[in-house]
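Going from the sequence shown to our numbering is simple: count from 1 and add 21.
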Amino acid sequence: MTKIYITVISIITVIAIMLGCFIHIFNRGEFSFKPGPWNSVSNTVTLSGDIDTIEVDLKYSGLTIEYGEDAHVEYTLPEEFIPDIELKNGVLSLIMKNSIRLGNRGWNDFEITIVIPEGTELDKLNIKLDAGNIQMADIPAKDIGISCDAGNIELGNTQAETINVEVDAGNIEIKDMTADKATISADAGNIDLKDCSIELFYADADAGNIETHGCTIGSGEVKTDLGNIDLGGDIGDVQTHTSLGIVNVDN
22 MTKIYITVIS
32 IITVIAIMLG
42 CFIHIFNRGE
52 FSFKPGPWNS
62 VSNTVTLSGD
72 IDTIEVDLKY
82 SGLTIEYGED
92 AHVEYTLPEE
102 FIPDIELKNG
112 VLSLIMKNSI
122 RLGNRGWNDF
132 EITIVIPEGT
142 ELDKLNIKLD
152 AGNIQMADIP
162 AKDIGISCDA
172 GNIELGNTQA
182 ETINVEVDAG
192 NIEIKDMTAD
202 KATISADAGN
212 IDLKDCSIEL
222 FYADADAGNI
232 ETHGCTIGSG
242 EVKTDLGNID
252 LGGDIGDVQT
262 HTSLGIVNVD
272 N
């Protein structure tokens, strides 16, 4: 009887979290609706000048940030979704002002790639994305903030003094990250870290698992409402808590 009760409560909890995420993402008064398919255009915007800060605020698009020979932004988007792109005083900004219109075809074709010169070290990287996947590798920044309402986040070989990553509905996967302080949270989704070195680590998942593999973590706190915690590697003084799940920590 107890197992049935726990199962029912778990299902209700997941449904409530997913419903809350849906309302948060789509019930903002920002969105209008339009059926697909979309007529997308592809273009490359060449940039001139040093870059020390990147500010991104997008409604919907896949986003990739990577190194290259020169600075430019590539995109494949419907005309009404093309963001304002500006590089001024070292700050590269991409701001998508138009509200997203949701259709049933063509979403996977929405893509923006930011390319910065090889060896660039950023002071600040701030990304806000309503819906879409985010990928970034090999780019160091002193302060990193990434927020995504619906989509997956993948980071590789990332170096930061402070990093904050959060997603409402989606998974977070981070490999080879070095950080003084990392705060990672997911409302509905899994958090997975591999071969990371973090002095102070905070992770929180409402409905999802949190796992580390081969990581060195000095101290922090990891908690889930509904999900397992499995911390593998050289784990220091890390407090753990789950309302409903299994906890395993390597010490």
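Every residue, glycine too, gets a C-beta built ideally from N, C-alpha and C.
A quick note: this is a predicted structure, and the numbers were derived from the prediction, not measured.
Best match in the options for proximity to residue i [C-alpha to C-alpha]
| i | options | result |
| --- | --- | --- |
| E220 | Y96, E76 and K202 | K202 |
| Y96 | Y81, N60 and T134 | T134 |
| N185 | D197, A207 and I103 | A207 |
| K80 | V268, L176 and K118 | K118 |
| A181 | T199, T141 and F102 | T199 |
| K163 | V94, S63 and I75 | I75 |
| I160 | Y88, G111, I72 and I195 | Y88 |
| S114 | Q156, D71, A152 and E139 | D71 |
| T65 | T179, H93 and K196 | H93 |
| T85 | K109, D170, G140 and E175 | E175 |
| S20 | I165, G140 and D130 | Absent from the model: residue 20. The displayed extent of the chain is 22 to 272, so no value can be given. |
| T141 | E132, I193 and A158 | A158 |
| N110 | S168, S69 and N192 | S69 |
| L108 | G177, D73, F102 and T183 | D73 |
| N192 | G177, T183 and C169 | C169 |
Span of the beta strand (DSSP E), counted from its first residue to its last, around residue i
| i | result |
| --- | --- |
| A203 | T199 to A209 |
| N185 | Q180 to A190 |
| G153 | That residue, G153, is in no beta strand (DSSP E); it is neither H nor E in DSSP. |
| K118 | No beta strand (DSSP E) holds K118; DSSP gives it neither H nor E. |
| N64 | S61 to T67 |
| A162 | A162 to A171 |
Close-in-space but distant-in-sequence residues of the same chain around residue i (CB under 6 Å, 5 per side omitted)
| i | result |
| --- | --- |
| F222 | A203, I238 and G241 |
| A226 | A207, I212, T245 and G248 |
| S264 | D246 |
| C236 | L214, C217 and G254 |
| T179 | M198 |
| V77 | L115 and I148 |
| Q156 | T85 and E175 |
Residue environment, residue i, which counts as buried when at least 16 other CB atoms sit within 10 Å
| i | result |
| --- | --- |
| S82 | buried |
| E90 | exposed |
| D144 | exposed |
| T261 | buried |
| T233 | buried |
| G266 | buried |
| D258 | exposed |
| I116 | exposed |
| G210 | buried |
| N154 | buried |
| R126 | Low local confidence applies: a pLDDT of 47 at R126 is under 50, so the model's placement there is unreliable, and no value is given. |
| N269 | exposed |
| T23 | Residue placement at T23 is poorly supported in this model, since its pLDDT is 44, which falls under 50; the coordinates still yield a value, given next. T23 is exposed by the Cβ-count criterion. |
CB contact check: residue i to chain C, cutoff 8 Å
| i | result |
| --- | --- |
| K215 | This model lacks chain C altogether, as it is built from one protein chain only. |
Assumed close pair residue i, residue j - CB separation to whole angstroms, cut-off 8 Å
| i | j | result |
| --- | --- | --- |
| S61 | P104 | S61 to P104, Cβ: 14 Å. No contact. |
| L146 | G172 | Actually they are not in contact, since the Cβ atoms of L146 and G172 sit about 17 Å apart, beyond 8 Å. |
| A224 | I205 | 5 Å |
| I250 | N272 | Incorrect: roughly 14 Å between the Cβ atoms, too far for contact. |
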